[in-house]
Amino acid sequence: MKLWTAALMMATLSGCGTIKTLNDEKGAADTLARHSSNCQSIPRAYSGAVYQFCTLNAPPVSGPHWSAPTIALDMALSAVADTVLLPYTGYQQYQQGDIKVRRKQY
Numbered sequence: 412m413k414l415w416t417a418a419l420m421m422a423t424l425s426g427c428g429t430i431k432t433l434n435d436e437k438g439a440a441d442t443l444a445r446h447s448s449n450c451q452s453i454p455r456a457y458s459g460a461v462y463q464f465c466t467l468n469a470p471p472v473s474g475p476h477w478s479a480p481t482i483a484l485d486m487a488l489s490a491v492a493d494t495v496l497l498p499y500t501g502y503q504q505y506q507q508g509d510i511k512v513r514r515k516q517y
């Protein structure tokens, strides 16, 4: 049972918007641009929840990680993680500003 719980937690965290935007902010922004999200930028404070909102604010994409219930669940979990990390991301927001979603030709 502990192994199953650990595997479930790892699967959840691997798709967590907070982790994605903190570890690879340019990659997260490029993913939104590639999927034609309507978002132009992502604030660093609450970046995970906003990233998931921007994912929902794009045309539908196939795949198990892109279903609306999965994204909504991750948005809620990301909001909790974003709240814990708010002192760090708030400082980053003050120093660096928003993460720009770069529009490239895909």
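So the numbering used here is basically just the index in the sequence shown, starting at one, shifted up by 411. Cβ coordinates follow ideal geometry from the N, Cα and C atoms, glycine included.
Check: Proximal residues to D485 (C-beta, below 7 Å), its chain only, five neighbours per side dropped; Outcome: G426, C427, G428 and Q463
Check: Exposure of K431, with buried meaning 16 or more beta-carbon neighbours within 10 Å; Outcome: buried
Check: Sequence-distant residues of its chain with Cβ nearer than 7 Å to S452 (five each side left out); Outcome: D509, I510, K511 and V512
Check: Under 8 Å between C-beta atoms of Q504 and A456; Outcome: yes
Check: First through last residue of the alpha helix (DSSP H) which encompasses D485; Outcome: A479 to V495
Check: S473 - DSSP class collapsed to helix/strand/coil; Outcome: coil
Check: Expected contact under 8 Å - CB spacing of S448 and A479 to nearest Å; Outcome: Going by Cβ atoms, the distance from S448 to A479 rounds to 14 Å, so no, they are not a contact pair.
Check: Buried or exposed by the 16-neighbour rule on C-beta atoms within 10 Å, applied to V461; Outcome: buried
Check: Separation of Y502 from T494, as counted between CA atoms; Outcome: 13 Å
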